[in-house]
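In full-length UniProt numbering, the protein residues as written are 1 to 332. Ideal Cβ positions, reconstructed from N, Cα and C, are used throughout, including at glycine. Heads up, the thing below is written out as structure tokens.
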């Protein structure tokens with residue numbers, strides 16, 4: 001444990017440091033059946049990790065595991081071996097959540113947001129989201145290397161328990177200041193961060209807390225805001241589904257967080273707090289709201305499964321009402 005963490009950090013007992021320094025790698029091939037069995041086990045045991053009134057789950061405890069894809073085969077990364085992908089079955093208490101998260105990530109990408117590469121996969125009948133790790137890269141010999149990253153809580157010196165704004169977590173204005181201080185392309189990354197905050201409101205995604213954003217440290221060029229990850233609409237569910245609070249965004253927009261309650265003046269205040277142009281930010285949220293329902297419909301139509309069709313029926317009517325309300329409130 002600890003040899004394949006987030007970013008480039010590795011942990012080992014003192015008596016294992018020499019072994020770690022030798023970078024001995026061990027990749028064990030795994031079959032789709034084995035992966036499916038592991039996903040099924042997570043669906044059963046993962047519920048015990050969740051806590052009512054969390055937006056999704058305890059810090060870092062959403063059910064997941066890592067694998068390495070070498071060529072066209074999946075492998076378990078052992079020893080000092082480096083994984084390349086994260087595999088998640090979705091949030092256990094929310095029906096078809098893996099499909100919803102995959103679709104939300106694809107919608108974000110089509111609207112111009114930089115997101116982690118994500119697939120929807122089937123392993124022996126078990127559906128999972130498969131995310132390419134952006135804190136990993138291949139060199140010309142195809143060897144896998146680690147990139148360091150820190151999430152926004154770490155960048156701000158906050159404990160994981162303070163990841164949500166309502167629990168003394170970082171506010172958007174503080175995070176914009178941090179990006180202007182740390183990022184090699186500060187203004188571009190502040191715009192990207194603002195886009196993400198607005199997108200999460202538009203699609204009804206409640207869990208974009210400070211640990212779901214990160215700074216990535218590439219070999220050259222200086223730190224940058226990492227691609228977005230863990231984007232997932234909650235509009236397919238009731239506001240208290242599964243014991244979660246799905247009624248608001250994790251980071252307030254101009255002082256408001258509840259879906260359906262953010263006004264034009266709040267979007268303008270968000271722009272002011274981020275030191276961005278009001279008119280441009282209003283236009284951006286209006287464009288997102290206008291495009292999102294059709295893009296969601298297109299993405300879900302491309303998924304050939306009964307689950308996707310059920311998500312269409314549950315999510316699209318609420319999304320259309322929500323985005324129409326946004327347009328009305330900002331006068332578009």
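Could you round the C-beta distance between residue i and residue j to whole angstroms and report it? I think they count as a contact, below 8 Å.
i, j, result
"residue 267", "residue 257", "Rounded, the Cβ-Cβ distance is 13 Å, inconsistent with contact."
"residue 67", "residue 199", "Going by Cβ atoms, the distance from residue 67 to residue 199 rounds to 28 Å, so no, they are not a contact pair."
"residue 92", "residue 151", "Going by Cβ atoms, the distance from residue 92 to residue 151 rounds to 23 Å, so no, they are not a contact pair."
"residue 227", "residue 147", "About 12 Å separates the two Cβ atoms, so there is no contact after all."
"residue 184", "residue 223", "6 Å"
"residue 130", "residue 100", "Not a contact, Cβ separation roughly 15 Å."
"residue 104", "residue 203", "6 Å"
"residue 132", "residue 84", "7 Å"
Residue i to residue j, Cα distance in whole Å?
i, j, result
"residue 263", "residue 197", "15 Å"
"residue 265", "residue 253", "10 Å"
"residue 291", "residue 250", "23 Å"
"residue 299", "residue 174", "34 Å"
"residue 236", "residue 318", "8 Å"
"residue 89", "residue 217", "28 Å"
"residue 188", "residue 274", "12 Å"
"residue 320", "residue 295", "12 Å"
"residue 355", "residue 127", "Given that the chain is displayed from residue 1 to residue 332, the structure contains no residue 355 and the question cannot be resolved."
"residue 238", "residue 271", "30 Å"
"residue 80", "residue 73", "19 Å"
"residue 25", "residue 78", "7 Å"
"residue 191", "residue 225", "11 Å"
"residue 76", "residue 331", "53 Å"
"residue 153", "residue 164", "10 Å"
"residue 27", "residue 232", "32 Å"
"residue 219", "residue 304", "40 Å"
"residue 149", "residue 221", "14 Å"
Looking at the ligand MG, does it come within less than 7 Å of residue i, judged from the CB to the closest heavy atom?
i, result
"residue 205", "Looking at this structure, you won't find the ligand MG or any other ligand, since it has none at all."
Looking at the structure shown, is residue i part of a helix, part of a strand, or coil, going by DSSP?
i, result
"residue 256", "strand"
"residue 52", "Residue placement at residue 52 is flagged as unreliable, the pLDDT there being 38, under the threshold of 50; the coordinate-derived value follows with that caveat. Residue 52: coil per DSSP, three-state reduction."
"residue 294", "helix"
"residue 316", "helix"
"residue 102", "helix"
"residue 304", "coil"
Based on the DSSP output, what are the partners of residue i in its beta bridges?
i, result
"residue 119", "130"
"residue 86", "66, 131"
"residue 77", "27"
"residue 93", "Answer by DSSP bridge pairing: none, since residue 93 is not bridged."
"residue 248", "258"
"residue 225", "215"
Can at least three beta-carbon pairs, one atom from the region 164-178 and one from the region 285-296, be found at a separation below 8 Å? In this structure the region 164-178 does not lie against the region 285-296, because fewer than three pairs of beta carbons, one per stretch, are closer than 8 Å.
Using a Cβ distance threshold of 8 Å, determine whether the region 26-38 contacts the region 112-124, with at least three qualifying pairs required. Verdict: yes, contact present.
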